Ligand SMILES: Cc1ncc(COP(=O)(O)O)c(C=O)c1O
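Numbering (my numbering), first residue to last: 34 to 242.
What follows is the structure in structure tokens.
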């Protein structure tokens, strides 16, 4: 447990990743609007070069979200589906298969069916959202098990730990869309098998650069 995890949720929400600004002492993280950052020499910088890659405001948000979710790293995107797209693009390749719960956010379903299917990434959806339902669908091509809980729109509650175990046995990455519960009510990373590669989509909060 990191020192930040030792603090309660409210303390982490207002302090994690948000030390006083080292230049001015500002207590609230200033909004960084610069697109580029001055370098003393090429490659010699203070951690930031170009705002699309990272800026201090987004870094603060990402560190805070990581602390709230109990993760090592957080990555912020301009929308939830931008984060979802990045997860599929980064972790899957043509020929791979995703197994997901059938009661799935419509945007995620359309992304899988209209964008990724033509790219050769297929998806199967289980109506039985128990671990047994997932176990029945996973196969050799399954590279990712994706769930959301509570589901949108039917608010089904899925057993994160049991389905994580199914994914681990299948050698698939396990992803939890934690949008509805938020880390205040549910921390999927604490429920999954520690040794599996567990990715999660965090809340859709993010800053545009
Ligand atoms: C469960 C779930 N996941 C993902 C999203 C997508 O978030 P965004 O609208 O920020 O792209 C939503 C939006 O309602 C959602 O309900």
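For glycine and all other residues, C-beta sits at the position ideal for the given N, C-alpha and C.
Nothing here was measured: the structure is a model prediction, and the numbers come from that model.
Residue i - containing beta strand (DSSP E), residue span
| i | result |
| --- | --- |
| residue 175 | 175-181 |
| residue 133 | 130-134 |
Check whether residue i and residue j have beta carbons under 8 Å apart
| i | j | result |
| --- | --- | --- |
| residue 109 | residue 98 | yes |
| residue 137 | residue 158 | yes |
| residue 197 | residue 224 | yes |
| residue 216 | residue 102 | yes |
| residue 212 | residue 113 | yes |
| residue 214 | residue 195 | no |
| residue 193 | residue 202 | no |
| residue 41 | residue 222 | no |
| residue 121 | residue 149 | yes |
Enclosing alpha helix (DSSP H) for residue i [first to last residue]
| i | result |
| --- | --- |
| residue 157 | Careful: residue 157 lies outside any alpha helix (DSSP H), inside the beta strand (DSSP E) at 155-159. |
| residue 95 | 89-102 |
| residue 169 | 164-170 |
| residue 124 | 113-124 |
| residue 141 | 139-143 |
| residue 42 | 42-48 |
Cβ-Cβ separation, residue j to residue i (assumed contact under 8 Å), whole Å
| i | j | result |
| --- | --- | --- |
| residue 180 | residue 209 | 6 Å |
| residue 62 | residue 90 | 6 Å |
| residue 107 | residue 96 | 7 Å |
| residue 275 | residue 68 | Past the boundaries of the shown model lies residue 275; the chain is included only from 34 to 242, so the question cannot be answered. |
| residue 39 | residue 100 | The Cβ separation is near 10 Å, so there is no contact. |
| residue 118 | residue 145 | That pair is no contact at about 10 Å. |
| residue 53 | residue 59 | 7 Å |
Practice prompt. At 3 residues or longer, and completely inside the region 193-223: list those beta strand (DSSP E) runs for me, N to C.
Written response: 206-210
Worksheet item: Between the region 184-193 and the region 144-161, do at least 3 Cβ pairs fall closer than 8 Å?
Response: no
Worksheet item: Using 8 Å as the Cβ pair cut-off and three pairs as the minimum, do the region 164-177 and the region 118-133 touch?
Response: yes
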